[in-house]
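Chemist: Following this message is one structure expressed as structure tokens.
Numbering (the working numbering), first residue to last: 269 to 574.
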């Protein structure tokens, strides 16, 4: 019985010594946890309309791929078509008038030179002819402007990419001038994460630090952890008065994910705007250092106060 007790004692002692040695000498990764959002280099383009109007047709849906120049929304163009039709009718009348006056002037100039037609009436006809030519040019410019207005009723994709954040989808809805209608996220393999770092941890994050990224919107069991690198961290913190859960704000860190790492999630659809969990590596510490650091920090504060 004594042998069993002694053997158990030595086993427990060896476990404790081993645990103490592990805690004192085996380094563990120190990291700053943060949450972030997937973005793409080149940034998304906001789709707006300079004048606004009434929606006639919405041709895309959320998440659809589009090519640069594709029509996204058609606005009601009945007013522009009516104005152009009226201007075209006025132009046709002005051309008819100028042609008739031109033919009339050709025959009257010789008669005026021979004294068979009053010169003052010839001068009046020449004035009317010049005015008709000026009116023609003005109407031609007006029709060009109306054609551009008609082109603007077709709201097109500014770049190739994927449609996100569609804010309008109902025919008959009113579009306000300059209002954000949707965004087009550019295509590309290079993605980044904009991570929000708590202010008290921001001093530990340095450009060039490695980071581990997990896309929390995907299935956690099957989603691999991918590696990234901190490109920069903001010089000042951001405050959002509407976010009551985080009144102290955050520092923004950009974590770049290379295409080689992105291939690890080829079976999943990683989209801009998707949430991500980011662990930014800040160095290595032993488990013992993790335990005693709070006490050392508290002693240092107490020493400064006294």
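Backbone N, C-alpha and C define an ideal beta-carbon position, used for all residues, glycine too. The model shown is predicted, which means the values in this text are computed figures rather than measured ones.
1) Going by the DSSP bridge assignment, what does residue 342 pair with across the sheet?
2) Tell me whether residue 296 sits in a helix, a strand or coil according to DSSP, three-state version.
3) Quick one: using the 10 Å Cβ neighbour count with 16 as the cut-off for buried, is residue 442 buried or exposed?
4) To which residues of the same chain is residue 568 closer than 6 Å at the C-beta, ignoring the five residues directly before and after it?
5) In the structure shown, what three-state DSSP assignment does residue 517 receive?
6) Hey, which unbroken runs of the beta strand (DSSP E) at 3 residues or more fall wholly within the segment 433-473?
7) If distances are taken between C-alpha atoms only, which option among 357, 479, 494 and 438 comes closest to residue 521?
8) Indicate whether residue 463 and residue 546 have their beta-carbon atoms separated by less than 8 Å.
9) Within 10 angstroms of its Cβ, does residue 423 collect 16 or more other Cβ (buried), or is it exposed?
10) Cβ atoms of residue 305 and residue 544: under 8 Å apart, would you say?
11) Here's a check: name, in chain order, each residue in its chain whose Cβ is nearer than 8 Å to the Cβ of residue 282, leaving out the five neighbours to either side.
12) Can the beta-carbon of residue 477 be found closer than 8 Å to that of residue 416?
13) Per DSSP, residue 430 is paired with what?
14) Residue range of the alpha helix (DSSP H) that residue 484 falls in?
15) Can you give me the Cβ contacts of residue 418 inside the same chain, cut-off strictly under 6 Å, excluding the 5 residues immediately before and after it?
16) Taking residue 420 as the reference, give the member of 335, 452 and 315 with the closest Cα.
17) Could you work out which residue in 410, 501, 437 and 504 is closest to residue 359 when comparing CA atoms only?
18) Any idea if residue 355 is buried or exposed, counting beta-carbon neighbours within 10 angstroms, 16 or more meaning buried?
19) What are the residues that DSSP puts in a beta bridge with residue 544?
20) Among all the DSSP beta bridges, which residues are the ones paired with residue 532?
21) Assign residue 321 to one of two classes, buried (16 or more other C-beta atoms within 10 Å of its C-beta) or exposed (fewer than that).
22) If you follow the beta strand (DSSP E) that residue 496 is part of, which residue opens it and which one closes it?
23) Could you tell me if residue 370 is buried or exposed, where buried requires 16 or more neighbouring beta carbons within 10 angstroms of its beta carbon?
24) Run through the DSSP bridge pairs and tell me what residue 506 is partnered with.
Modeler: This is what the structure holds:
1) 325 and 422
2) Confidence at residue 296 is low in this model, with a pLDDT of 47, below 50, so its placement is unreliable and no value can be given for it.
3) exposed
4) For residue 568, the pLDDT reaches just 49, beneath the cut-off of 50, and the residue's location in the model is therefore unreliable, leaving the point undetermined.
5) coil
6) 450-454 and 459-465
7) 479
8) yes
9) buried
10) yes
11) none
12) no
13) 333 and 453
14) Residue 484 -> no alpha helix (DSSP H), and no H or E assigned at all.
15) 345 and 348
16) 315
17) 410
18) buried
19) 304
20) None; residue 532 has no bridge partner.
21) buried
22) 494-501
23) exposed
24) 518
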